[in-house]
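In this note's numbering, the protein residues as written are 16 to 91.
The structure appears right after this line, and notes come after that.
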């Protein structure tokens with residue numbers, strides 16, 4: 016697996032594990048993640064988000080993920 020695939024896999028795991036049908040609101044889900052996750056996990060998630068935003072997927076693909084990502088960054 017190359018670095019790009021690894022980053023997408025990790026970011027996907029974060030989004031799938033944090034945002035699901037039982038989450039309540041996105042804000043609540045993020046608060047729970049921040050409260051429960053180890054500092055290293057949060058730092059790595061920020062790295063994956065940054066790498067995704069700096070990568071080359073289509074603008075549309077980035078827009079679909081951007082609202083969740085921005086909310087995450089805002090809540091930190």
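Even glycine gets a Cβ: it sits at the ideal position worked out from N, Cα and C.
Cβ neighbours of residue 44 in the same chain (closer than 6 Å, five flanking residues each side left out): So the qualifying residues of the chain are 33, 34, 38.
Residue interval of the alpha helix (DSSP H) (run including residue 33): Segment 18–33, the alpha helix (DSSP H) holding residue 33.
Secondary structure of residue 69, DSSP reduced to three states: Shown here, residue 69 sits in coil according to DSSP, grouped into three states, outside any helix or strand.
Residue 40 in three-state terms, based on DSSP: Correct three-state label for residue 40: coil.
Whether residue 57 touches residue 64 by CB criterion (8 Å): Taking 8 Å as the Cβ cut-off, residue 57 and residue 64 do not qualify as a contacting pair.
Exposure label - residue 60; buried when at least 16 CB within 10 Å: It counts as buried.
Straight-line Cα distance separating residue 46 from residue 52: If you take the alpha carbons of residue 52 and residue 46, they lie about 10 Å apart.
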